[in-house]
Every structure is written in structure tokens, then in C-alpha cells.
Amino acid sequence: MKPLPLSSSSSTTRLARWALLVPLLTLLGGPAACGDDEPDDPRPDSGTQTVDAGADAGTDVDAGMEADAGSDPDAGSDPDAGSDPDAGTDVDAGMEADAGSDPDAGTDADAGSDPDAGTDVDAGMEADAGSDPDAGTDVDAGMEADAGSDPDAGTDADAGTDGGVVACTPSGWVDTPPDLSIIQNTSLDIRTRLEAIPGITVDQDRTGGSVPAGYRHFVLRYNQPADHAHPECQRFEQRLTLMHKADTSPMVLYTSGYNVSTGTSRSEPAQLLAANQVAVEHRFFPPSIPSPADWSQLTIRQSADDFHRITQALKPIYTGKWVSTGGSKGGETVVFFRRFHPDDVDATVAYVAPITKRNDERFVTFQDTVGDDAQRACRERLWAFQREVLSRRSQMLSLVDAYAARFELTYSQLGRELALEHAVIETYFAFWQYDSAANCNRNIPAATATDQELFDAMDYEVGINSFSDQGITPYAAYYYQAAAELGWPQPYEKHLGALIHFPDTDTGEVYSPPGIPFEFRPSAMPDIQDWVSSQGQRLMFIYGSYDPWTAAAYVLGNSQDSYLFTVEGGNHSARISQLPAAQQAEAKATLNRWMGISPLKRAPKFVPSEEPPAFGPHVPPRLREASRN
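Here this note's numbering is used: position 149 in the sequence shown is 1194, and no number is missing along the way.
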């Protein structure tokens, strides 16, 4: 069985397609309704790949890319932490008059009192939304500078895949001005005020039980445009949860970058600040997906605009400081949001957030030496384990078949052989991402182990079902994003030599949804890093030194009042609470300063078990159970 080849004639095919489109585009003339407009500065065409359903080629674009995957607070966490050479050394750290707070944050008339806030058909898409006489009516509204972002800096509304000319089906949705006399009336019940926000539906409202004392828990839906450049066209409902404490308390905007749990979990910043929290499901993760789905609208820019509309809708109620946060894919997602709408929140805390290239070679270098000399024996044990599993290929394939029959799994996208190879490759990555070096001898069997023992160890570390159709499909949106914009790690497989029968297939293109065209945009991630390095401010990054995703850590550069901390020996579950006492105190003090909170004698205690559950393509089974809603 051969891996799916990348078409060698793709360039010729694309030219032929464009030649056929020229007469059509000439006839159409004006901008495409409900479609993505062409960028002003066309990007290099890296080729459009179409993955054929049922092909055997496949690979894990994510090989651990799960943003929140691994967010289980106890997953291999090491209480020891390292020192961050940059932490607290920024010349502006603590020197700003308002320590990172926008003087208008939470009080800007457009952020809290504008009658159109969060409800304008183009809410948040124009730099001066509400002041342009054409705002909300121009079919190109939203393609403009947009809240301080350079429209050409790799951020065009079509940021990603050209979906072609898409006919507009009017949604019939009509934005109505919010009734601020209700929304801002603090004497009214919070549910009454929430329901007065145009587009919000309350599905659940509860207290007691698992809801922390002093909180009220809501499950909400918010009506969003599928394409923010054309809000008059298709709409969808985005799922949110809200942990309400008080109007004036800080607000934490959280996302996993995947689904949202409807439970009562609170992120580390929400716990440390005793804050409100709104958790947002990422677009194109069910049920927050347009129907029918135009995948060209799944871009980092469209997602950022989702978050923008949500913040503008809620700010008339929550007038305190705002901080955005998330882990891994959620961490990079809140950085993307900040790049396109830098003033929507006052600060950002991003955990284990990567900024990855296409087929990123940095991951190979990192995995070669992860743990340095202290963990050489563990690395060698893992390599020996991988070789032993692959040397028993026929026995392992029989176990894959038995496993599939037991759990009613199919492998039509990758094929069973490719699924096995990728599971072996990913076991090494996943061990360092989720496990602990202290568990190396216990969790990784020696070469003398039985077939079943080897198979069970691999399943424990990476989850064999992650490579089945049933494991891939729920994360189709992530795989598409990785193939189109986010990038993925270069497969770490050269040390396995001829034991790898399908080399260089553990890539983003293969895991992308079959039959959905995409085009990788190489400018997307460099644009984000450039913004962080040159314009970023009030950013905090937390990484684990053993986590492979740290290979693609952000670089602070000239960002202002920003910090990067590393948990020494930590993995993908690195948290502020795992830092050494001095750095932990510094990080907490910085967060309080950003939020305008005076140091408390009795600061709220962080409880790891109350954090949001883990989501992600390759979350090990032991962590995945907690993710069920």
C-alpha cells in the first residue's frame, strides 16, 4: 500500500482551472458575493491538494499539535520549573502607567456603550466600525484595516484557501441595535441582560452542584456570520459557556482551539483572578459549524473576527479588564485574535502555544536531544521500542485489526498500515508531550515484551484510535487548518530507517478532510510572529522544557511588557503554578497588575482538577475520557 502522492501536475491543473475561470470572473465583474476576495498582494501558490477519500496515505499533521490536548493538569506535570532568561527583563516591564491597560478598555463607548456594538452586520470588521456611512452595507465591509491590523499583512479576509466564487444565499438575518437600557441595567437579572444581546440564546442556566460557589453557569449560542466580510449571507451559531461572577470582576476569554466543554471548568487565569470566564468553541468544530460548510471560511482571520464580535457583545455587561487565554492550539488562537484585534483584551496568557512552519524541521532537532544528557537513556529506550514494534509489523497489524473490531473502528482514510506506522512515530512525540521521563522504564516496555504489551504501551501513550476514521473526523477542522495555515512538525522518523515503509507521510496534507481542496499560505504564521515581535504587548507565554511543541515557541523580540516562562522538565501541561516560587510570584503579580488588581493577602488557590478538559487529535485515552461533555 502506497502513501497518497502529492500530484505532480497540480500546477498545470491550477493554471487550466484559472484559465476556465477567467471568462466567468470577467462576466461577474464586481466582488464575489459571500466569497473571499482576492488579496491585494497575492501570495505564492504552494499548490492545491485534494485528498482522496479512502487513500492509504496519511499522517498526523498534529503529531501532538493539540492545543488543549494535554491540558490535563496532571499529565506528566513536573513541579520543578526552570528560569526564563527574558522573564521580567523587558525594559518596559512594570513601567507603563496603566501596566498594559488600554485607557479605553472596558469603558470605550464602542466597546460597551455603542448601540451597535456586537450587533452591526459587520461588527468589528472595520477599523472604525460604526462611523463609516457604508458600514454594514458594503459587500466588502470588513475587508478594511479592521481594528488596527494591516490589511495586507497576510491577513486578508480570504486568509487561506480560495474557495472560488461562492453564491450568496441571503440569511434573512437582520441585526438590531442592542437595548442598552436592559443590557447595562445592573438591577436586572444577568440572564435577562444576556438575552437582550442580539444573537445570544441561553440554553442552560444553573447554580449549585459542580458550579463553584459565587458563580452562575450558562451555556449559550451566539449568531455569527460564516464570512465576516459578507454578514448578510450564511450564518451559524457558535457555542459558548459563561461562568458569571460579577459585572466588574475581570473577564477571562478562554478557548481550547477545538470544542468547548459544557462543564463548569475554569482556566488557571480565571481561578487566579477569581474572574468571570467566557469559553468559546472554535468555528467548524461541531456543533459550531455552518451548514453547508464552505471550508475556505475556516481561517485564522475569520476565527479572530468571531472572537471580536463576542467581546464587543459582552463588554456592555462586563466592564472590568479582559485577558485572553488558551493552551496549545487555544494558546495560538488567542494570539491570532490579539494580532487582528489588539485592543479587544488588555492582556494574553498563552500556554504551550506553537508558531509552526510547514513541515517544520525544528521539531526533528528538538526531539533528537530532548532532555539533554540526563534523558539520553530514556530517548534510547523509546527508539528501541519503536524499532521493536515495527520489526513485528505483521503481528502488530493483527492487533490493529482486533482493536478495530473491538471498538468498531475503520481505517479508510489512512489504511491500517499507515495508521500503525504513524502511531509508532507519534509514540515518541506523545511520550515527551504528555508523559514524564520518570515513567520511562515503567511505561515503555523492553524489547523482550510480548506483542500485546508493546501494542498496549503504544495505545497508552498515543491512542491507536486517534488514527482511525472515528479519531480523525472530529478534528477535521484542525487538520484542515494545519494543512492550510498552521503548519505541522516534520516527521521524526529518519532514525527508524528502512523500518518505515511510507516515509514523509506524517504530514498535514494527508490528514486534511478528504475531498476538501486547500492551499497552504506560507505568509500566515510569519505575519503572526512579526506582530508579536514588533507590536505585541502584555503577552505571557508558558512552556514546558520537554514538550516537543516548545521547538516552535514564540519569540518575544521587541514586544513590550511581555514575558516567556519555561517549566523545567515540564510537558504540554505546563502552568504558572508549576514555575519556581520566584517566577510564579512574578507571573501572578504581572497578571494582577494587568488586570488592575492589588496583591491579595489570600490569593485565590489554583486547583488543577478544575481546569477545562483536554481536547485534541492525539490526546492519550487516559486523558481523553475527561473531555466528554
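All C-beta atoms, glycine included, are put in the ideal place defined by N, C-alpha and C.
Since the model is a prediction, treat every value here as computed from it, not as a measurement.
The alpha helix (DSSP H) enclosing residue i, as first and last residue numbers
i, result
"L1465", "1461 to 1479"
"P1571", "1569 to 1580"
"Q1458", "Premise fails: Q1458 is in no alpha helix (DSSP H) and is neither H nor E."
"T1678", "Missing from the structure shown is residue 1678; the chain here goes from 1046 to 1674 and no further."
"P1314", "1313 to 1318"
"S1226", "1225 to 1228"
"G1516", "1514 to 1517"
"A1522", "1521 to 1526"
CA-to-CA distance, residue j to residue i, given in whole angstroms
i, j, result
"P1247", "R1354", "In the sequence on display, residue 1247 carries Val and not Pro. Spanning the two alpha carbons is a distance of roughly 17 angstroms."
"Q1582", "G1376", "16 angstroms"
"S1312", "L1265", "18 angstroms"
"D1234", "S1336", "34 angstroms"
"E1613", "A1521", "33 angstroms"
"R1426", "Q1279", "53 angstroms"
"L1636", "I1334", "33 angstroms"
"P1558", "L1454", "17 angstroms"
"A1596", "A1271", "34 angstroms"
"Q1580", "D1391", "14 angstroms"
"Q1629", "T1309", "25 angstroms"
"L1317", "F1512", "37 angstroms"
"I1642", "F1281", "37 angstroms"
"P1662", "F1610", "26 angstroms"
"Y1260", "A1528", "40 angstroms"
"G1302", "G1371", "8 angstroms"
"Q1283", "V1323", "12 angstroms"
"R996", "W1576", "The chain is shown from 1046 up to 1674; residue 996 falls before or after that span and cannot be answered."
"L1584", "F1330", "27 angstroms"
"W1367", "T1286", "16 angstroms"
"Y1456", "D1504", "16 angstroms"
"P1490", "S1306", "35 angstroms"
"G1532", "N1486", "33 angstroms"
"N1616", "Q1623", "11 angstroms"
"T1221", "Y1267", "14 angstroms"
"D1406", "W1477", "It should be pointed out that residue 1406 corresponds to Glu in this sequence rather than to Asp. Rounded to whole angstroms, E1406 to W1477 spans 17 angstroms at the Cα level."
Minimum C-alpha distance to residue i - residue among the options
i, options, result
"F1586", "P1558, S1618, P1567", "S1618"
"D1549", "S1301, H1467, S1511, A1630", "H1467"
"M1570", "I1400, G1371, L1584, V1325", "I1400"
"E1433", "Y1525, E1406, A1502, T1370", "A1502"
"P1257", "S1654, G1661, V1664", "S1654"
"R1328", "N1304, L1317, Q1322, A1319", "N1304"
"G1416", "V1664, D1592, S1294, K1633", "D1592"
"I1228", "I1242, P1222, G1371, A1450", "I1242"
"Y1525", "P1276, L1239, T1344, L1668", "T1344"
"Q1420", "S1481, E1240, S1643, S1457", "S1481"
"K1539", "T1410, S1341, S1443", "T1410"
"S1216", "Q1269, E1240, I1245", "Q1269"
"D1606", "G1615, G1244, I1362, T1393", "T1393"
"Q1515", "G1460, R1424, P1562, S1590", "G1460"
"A1447", "F1500, P1332, L1463, N1484", "F1500"
For residue i, three-class secondary structure by DSSP
i, result
"A1100", "With a pLDDT of 36 at A1100, under the threshold of 50, the predicted position of this residue should be treated as unreliable, and no value is reported."
"G1589", "strand"
"G1372", "strand"
"F1329", "coil"
"H1275", "coil"
"G1205", "Unreliable placement is indicated for G1205, whose pLDDT of 38 sits below 50; the coordinate value is still reported in the next sentence. Three-state DSSP puts G1205 in coil, outside helix and strand."
"N1304", "coil"
"Y1014", "Here the chain covers residues 1046 to 1674 and nothing more, so residue 1014 does not appear."
"P1534", "strand"
"N1321", "strand"
"R1487", "helix"
"R1261", "strand"
"F1563", "strand"
Where the beta strand (DSSP E) through residue i begins and ends
i, result
"T1246", "1245 to 1251"
"V1434", "It is not in any beta strand (DSSP E) - V1434 instead sits in the alpha helix (DSSP H) that spans 1421 to 1436."
"P1677", "Because the chain in this structure spans residues 1046 to 1674, residue 1677 falls outside the shown range and cannot be described."
"V1507", "No beta strand (DSSP E) contains V1507, which is instead part of the alpha helix (DSSP H) from 1496 to 1507."
"Y1299", "1296 to 1299"
"L1287", "1280 to 1289"
C-beta neighbour in chain C for residue i, strict 9 angstroms
i, result
"S1439", "No chain C is present in this structure, which holds just one protein chain."
Sequence ranges, beta strand (DSSP E) only - wholly within the region 1592 to 1674, length at least 3: 1608 to 1612
Minimum length 4: unbroken alpha helix (DSSP H) runs contained in the region 1334 to 1406: 1345 to 1359, 1374 to 1385
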